[in-house]
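Numbered by our numbering, the letters in the sequence shown go through residues 3 to 220 in order.
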Amino acid sequence: MMVHSSGGAMARRGPRGGGAVKRERILRAAIRIFSQKGYFNSKVSEIARPAGVADGTIYLYFKNKDDLLISLFEEKMGEVVADVRARVADGGGALPRLRIFIRNHMDLLTREAGLIEVIQVELRQSNKFMKEYVPVKFLEYLDVISGILEDGKREGVFRSDLNVTLARRAIFGALDEISLAYVLSRKRKYDPAAAAEEVYRIFAEGLAPHATKKGEDE
């Protein structure tokens with residue numbers, strides 16, 4: 003059985019009358035507690051306190067702690083997708099939009115530090131999430147990269163034979179690995195903004211078309 007985005011979080015909206023606000027408080031409290039104590043070490047009661055609700059109230063909105071974790075990812079990732087779409091929409095050509103996307107991803111490390119730690123570390127330790135969840139919002143995030151790459155091919159700034167599916171995974175994979183290293187490192191050995199520029203340069207140059215292939219004019 004797969005955990006779809008239309009299940010769990012979408013099935014329980016809680017009581018009417020301030021329900022959306024209370025739900026958001028619970029999600030924000032969950033981010034805080036999960037990032038501080040870890041998912042498995044966190045108790046529902048510890049989430050309820052900073053959310054300002056009774057323990058039982060959480061179960062009006064979420065079936066269990068797994069559902070809360072998955073809902074947290076789905077809803078917050080949806081906000082991230084909407085935000086980055088808006089940012090790249092007015093970015094101009096494919097290259098400046100790629101830079102905006104990469105910068106925004108790396109900026110999340112400081113802008114949404116708790117959320118990123120939950121996504122990067124805690125979600126990966128949930129067997130239910132890794133095995134059963136259908137990552138709808140994550141695929142939408144990758145689709146933003148795909149749109150930029152397809153436009154870049156049409157504009158001639160990326161190779162015409164570029165495998166967009168593979169390239170978008172490579173871009174996300176690079177950002178994901180750097181983000182994970184940042185989250186796990188206590189010393190914060192690099193600056194996210196500087197890292198974003200380096201990643202952008204690597205892909206902007208690496209995906210660019212070349213007049214001749216290496217060896218053809220030798």
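Ideal Cβ positions, reconstructed from N, Cα and C, are used throughout, including at glycine. Computed from a predicted model, the values in this text were never measured in an experiment.
Assignment of TYR192 by DSSP, reduced to helix, strand and coil, places it in the coil class. DSSP, reduced to helix, strand and coil, places TYR61 within a helical segment of the structure shown. Shown here, TYR41 sits in coil according to DSSP, grouped into three states, outside any helix or strand.
Residue environment for GLY154: buried (at least 16 other C-beta atoms within 10 angstroms of its C-beta). Taking 8 angstroms as the cut-off, the beta carbon of ILE33 is found no closer than this to the beta carbon of LEU70.
For ASP163, there is no enclosing alpha helix (DSSP H), as DSSP gives it neither H nor E.
Spanning the alpha carbons of VAL185 and ALA172 requires a straight line of approximately 20 angstroms. For MET79, the closest alpha carbon among the candidates ARG51, ARG170, GLN122, ARG203 is that of GLN122. Counting only residues of its own chain and dropping the five nearest sequence neighbours on each side, ASP57 has a CB closer than 8 angstroms to the CB of VAL46, SER47, ALA50. For ILE150, the uninterrupted alpha helix (DSSP H) segment begins and ends at 138 to 157.
Using a 10 angstroms sphere on the CB of VAL23, the tally of other CB atoms stays under 16, which defines it as exposed. Contact annotation: ARG25 and TYR63 have beta-carbon atoms nearer than 8 angstroms.
With a threshold of 16 other beta carbon atoms within 10 Å, ARG190 falls short and is exposed.
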